[in-house]
Amino acid sequence: MLRELKRQLPSENLIYFADTLHMPYGSRTKEELHELVFAILNFLQEQGVKLVIMACNTSSAVVLPAAREAFSMPILGMIEPLVRQLAVSPVKRLGVMATEATVRSGTYNRELRRVGFQGEVYSQPCPELAALIETGADERRLAGALQVYTSPLRQAQVEQVVLGCTHYPFVSEELITVFGGKVELIDPATYVVAEAKGVLEQEKMLCQSDTPGSRRAYVSGNLSAFQQRASQLLGETIVTQPVSLDQKL
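The C-terminal residue of the sequence shown carries number 276 in the numbering used here, and the numbering is unbroken.
Next comes the structure, spelled out in structure tokens:
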């Protein structure tokens, strides 16, 4: 998501909240997710943000409607912008790789049907994948997990696969290999950021400066571990600050 924001909205100042202390979100209950996400949104609201991208498919699937009712700033999720693009897709067999909570919510299937998508949807929960990527698991363990999680999708002969977790694009090359280069991977971030840009333009809030914007990350868990992994994945150093959600919960 940060890479796509940097590409499409280079002049905007970005605040990224990494709730590494409470990861993974995919195995949490609806009540837990609601409490955590609202605490984060309260924090971001105090920072004076003009728009929030809920860069987590799990919270987008489970908490987004309630969050939009409770907060005044625009909040975009990861699912709706992509679903709108797929409304007229000719794909007959679509795979969705996501967390347990996202799959359990049925949001992708429900939203795809709502916009008129006619193909079959095969949703595959990947319980440990986000954590394996986050912690930088060794290649052998990661490869084994990808083989297991993609097996039902390969058997179904899906044509496209939605990367239904913002961690998954970081293993795109590995996934292409596992699928034998026969499947197109879809990263929702492209469509989400494009929609965010449209909202900012419509509300006349888009930054018009030619100067690159700043990037700050607030981290609830181990700061050094996040800095190291973020640098590996993004190829740049992110300014990070520790933050506690305790006072918000």
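Just so you know, even glycine gets a beta-carbon here, dropped at the ideal spot from N, CA and C.
According to DSSP, residues forming a beta bridge with residue i
i, result
"Ala223", "Bridge partners of Ala223: none, in fact."
"Ile213", "Val189"
"Phe206", "Answer is none; Phe206 lacks a bridge partner."
"Ala125", "Pro152 and Gly191"
"Val198", "In DSSP, Val198 forms no bridge with anything."
"Ala244", "Tyr43 and Thr267"
Residue i to residue j span [Cα, whole Å]
i, j, result
"Leu134", "Val205", "With the sequence shown as reference, residue 134 is identified as Thr, and Leu is not the correct amino acid for it. Rounded to the nearest angstrom, the two C-alpha atoms are 26 Å apart."
"Asn69", "Gln35", "26 Å"
"Arg167", "Gln151", "21 Å"
"Lys33", "Val76", "17 Å"
"Pro179", "Thr126", "15 Å"
"Asp165", "Val185", "27 Å"
"Ser236", "Pro37", "9 Å"
"Glu155", "Pro269", "25 Å"
"Gln254", "Ala158", "16 Å"
Cβ neighbour criterion (16 or more within 10 Å) applied to residue i
i, result
"Asp46", "buried"
"Arg137", "exposed"
"Asn84", "buried"
Nearest residue (CA-CA) to residue i, options the options
i, options, result
"Ile160", "Pro269, Leu260, Asp273 and Gln145", "Leu260"
"Val115", "Arg30, Asn249 and Gly143", "Gly143"
"Thr129", "Arg120, Cys192 and Val226", "Cys192"
"Val226", "Asp273, Ala93, Gln174 and Pro108", "Pro108"
"His61", "Ile265, Met28, Arg95 and Tyr43", "Arg95"
"Tyr176", "Leu190, Cys153, Gly163 and Glu147", "Cys153"
"Thr217", "Ser258, Ser99, Pro51 and Leu103", "Leu103"
"Gly248", "Asp273, Glu228 and Gly240", "Asp273"
"Pro101", "Gln174, Ala223 and Thr238", "Ala223"
"Met28", "Tyr245, Gly208 and Ala221", "Ala221"
8 Å contact criterion, which residue i and residue j should meet: CB distance rounded
i, j, result
"Met124", "Val198", "Not quite, the Cβ-Cβ distance comes to about 10 Å (not below 8 Å), so this is no contact."
"Ile67", "Phe44", "5 Å"
"Asn40", "Gly240", "4 Å"
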